[in-house]
Amino acid sequence: MRVLQLIDSLEIGGAERTALNYANCLVDYVEASFICTSRKEGPLKQDIKPQVGYLFLNKKKTLDFKALRKLNGFIKKNRINMVHAHSTSYFFASLLKLRNRNLSIIWHDHNGNRVLFNKSKNRILIYCSYFFSKIITVNNELKNWAKTNTHCTKVYYLSNFSVLTKDEKQVTCLKGEAGKRLICVANLRDPKNHMFLFRAFKEASKSIDGWSLHLVGKDFEDAYSNELKSYIETHDLNNIFFYGQIKDIHYVLSQSDIGVLTSSSEGFPLTLLEYGLAKLPVIATNVGYCNHIIRNENEGTLIGINIQEFSKALLNYANNYDLRKSHGGMLYKNVVTNYNTEKNIKTLISIYGD
Numbered sequence: 020m021r022v023l024q025l026i027d028s029l030e031i032g033g034a035e036r037t038a039l040n041y042a043n044c045l046v047d048y049v050e051a052s053f054i055c056t057s058r059k060e061g062p063l064k065q066d067i068k069p070q071v072g073y074l075f076l077n078k079k080k081t082l083d084f085k086a087l088r089k090l091n092g093f094i095k096k097n098r099i100n101m102v103h104a105h106s107t108s109y110f111f112a113s114l115l116k117l118r119n120r121n122l123s124i125i126w127h128d129h130n131g132n133r134v135l136f137n138k139s140k141n142r143i144l145i146y147c148s149y150f151f152s153k154i155i156t157v158n159n160e161l162k163n164w165a166k167t168n169t170h171c172t173k174v175y176y177l178s179n180f181s182v183l184t185k186d187e188k189q190v191t192c193l194k195g196e197a198g199k200r201l202i203c204v205a206n207l208r209d210p211k212n213h214m215f216l217f218r219a220f221k222e223a224s225k226s227i228d229g230w231s232l233h234l235v236g237k238d239f240e241d242a243y244s245n246e247l248k249s250y251i252e253t254h255d256l257n258n259i260f261f262y263g264q265i266k267d268i269h270y271v272l273s274q275s276d277i278g279v280l281t282s283s284s285e286g287f288p289l290t291l292l293e294y295g296l297a298k299l300p301v302i303a304t305n306v307g308y309c310n311h312i313i314r315n316e317n318e319g320t321l322i323g324i325n326i327q328e329f330s331k332a333l334l335n336y337a338n339n340y341d342l343r344k345s346h347g348g349m350l351y352k353n354v355v356t357n358y359n360t361e362k363n364i365k366t367l368i369s370i371y372g373d
């Protein structure tokens, strides 16, 4: 089995990290493992194992035939027989199938929002699904959607998993008072619902003293980002800090005290697994598969998109160190037991070979 992970970029994001984790971990399980990024490289490139074959296409447009020829040549040269395409890279993978009839295409859907879309918004995907050998989804709702709406008959649910980076360079030092830091790891884009987080944190801060909020994730410097920064400036929230994309995520989490994720929609949030590995207590909105990771009130706190619920949860943790330690420890046990690398990769291999 010679497998290529296909992803649009190697920026720091959930789908990107999953593709990288698969490429690196499969080295010990398959004949050869490869990863190809089509549009952009990014910080995650530095984490590719030496044993993993790498290709960057520098794709400029949707129908970039030069990039397609380059990838097709790479596949033939390395005798790759399976392409694991993540998120929107399914279209380019489908074009490959037209040139390589014996190539198996597996599409991995990370978009939890898809269940809200009708067929008309997924026409290209549905057509391309004729070329898929299998589909992998990050939750059962997406699995049911794919079974109902696509032409692929083999659809599987596979949970995400997180990998602790060894020898991580410790660079980023969080501001604010030690022991009173909230961390939110999420790129600055709409489904992550940062504005709700800001409003809820502003309200909760009236009842707790010295706590600060720290935001890690890519800033796209767009209207969404500008609105967030304008809100902070208008309300003089000098206890909220931005750090952008960082590589030393586990070091940053070790400096944090509570993990928060207030998304309006999710697939399977890798961020919650990272919080768990850092033994952080978590406050998260009850969307997507958050309630499969935080299974009960001893592993964290799930809330609605409600300022009062957030404030209550934050006050509960802020005023109770032992509770934070207990919930963080229980979430850690859950993550290392149910979302570990070996278990996930063995399931993936079984899907590949089915």
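The C-terminal position of the sequence shown is numbered 373 in my numbering, with every residue numbered one higher than the one before it.
C-beta atoms are modelled at their ideal positions from N, C-alpha and C, and glycine is treated no differently.
Residue i: which of the options sits nearest, CA to CA?
| i | options | result |
| --- | --- | --- |
| V71 | L82, R58, K96, L39 | L39 |
| N158 | T360, L289, T320 | L289 |
| S28 | E50, S283, C55 | C55 |
| A205 | K221, L280, G347, N257 | L280 |
| Y176 | S226, L161, S224, Q189 | L161 |
| L216 | D255, H233, L122 | H233 |
| C203 | N91, N310, L292, Y340 | L292 |
| L63 | A34, E50, Y48 | A34 |
| N338 | V46, D276, T356, I322 | D276 |
| N141 | R200, V355, T107, K96 | T107 |
| S369 | I313, V49, N168 | V49 |
| G92 | F75, K80, T81 | F75 |
| G195 | S226, F261, F287, K138 | F261 |
At the level of alpha carbons, what is the spacing between residue i and residue j?
| i | j | result |
| --- | --- | --- |
| I259 | R218 | 11 angstroms |
| I4 | E246 | In the structure as shown, the chain starts at 20 and stops at 373, and residue 4 therefore has no counterpart that could be examined. |
| I67 | Q327 | 43 angstroms |
| Y146 | H170 | 8 angstroms |
| T360 | C44 | 8 angstroms |
| K188 | G236 | 18 angstroms |
| T191 | N353 | 28 angstroms |
| N100 | P300 | 43 angstroms |
| K404 | G229 | Outside the shown range of the chain (20 to 373) lies residue 404, about which nothing can therefore be said. |
| G319 | D255 | 30 angstroms |
| V22 | A86 | 19 angstroms |
| N97 | Y73 | 11 angstroms |
| D241 | S231 | 24 angstroms |
| E316 | Y270 | 26 angstroms |
Would you call residue i buried or exposed, if buried means 16 or more other Cβ atoms sit within 10 Å of its Cβ?
| i | result |
| --- | --- |
| I143 | exposed |
| T253 | exposed |
| Q24 | buried |
| N179 | buried |
| S181 | buried |
| F84 | exposed |
| E285 | buried |
| G198 | exposed |
| K80 | exposed |
| R118 | exposed |
Which residues in the same chain as residue i place their Cβ atom closer than 7 angstroms to its Cβ, once the five residues preceding and following it in sequence are excluded?
| i | result |
| --- | --- |
| W164 | R133, V134 |
| R58 | D27, S28, K78 |
Check whether the Cβ of residue i sits closer than 7 angstroms to any heavy atom of the ligand FMN, and report yes or no.
| i | result |
| --- | --- |
| G319 | This structure lacks the ligand FMN, and indeed carries no ligand of any kind. |
Give every residue of the same chain whose Cβ lies closer than 8 angstroms to the Cβ of residue i, excluding the five residues on either side of it in the sequence, and list them in chain order.
| i | result |
| --- | --- |
| N212 | T281, S282, S283, T304, I324 |
| K173 | S152, K153, I154, D373 |
| L122 | I94, I99, N100, M101, V102, L115, K116 |
What does a CB cutoff of less than 6 angstroms around residue i pick up in its chain, not counting 5 residues either side in sequence?
| i | result |
| --- | --- |
| G14 | As displayed, the chain neither begins before 20 nor continues past 373, which places residue 14 out of reach and without an answer. |
| P223 | A small correction: the amino acid at residue 223 is Ala; Pro does not occupy that position in the sequence shown. For A223, where only same-chain residues beyond five positions count, the Cβ hits under 6 angstroms are S330, L333. |
| Q274 | L193 |
| L272 | A297 |
| H105 | I26, A34, A38, H127 |
| I312 | L291 |
| D238 | L207, S244, G263 |
| G347 | K298, L299, P300 |
Notebook entry, point to check: Taking contact to mean at least 3 C-beta pairs separated by less than 8 angstroms, is the stretch 152-162 in contact with the stretch 125-138?
Noted result: yes
Note to self: Tell me whether the stretch 104-120 and the stretch 259-274 touch, counting them as touching only if at least three CB pairs, one residue from each stretch, are closer than 8 angstroms.
What the structure shows: The stretch 104-120 makes no contact with the stretch 259-274, as fewer than three CB pairs between them are under 8 angstroms.
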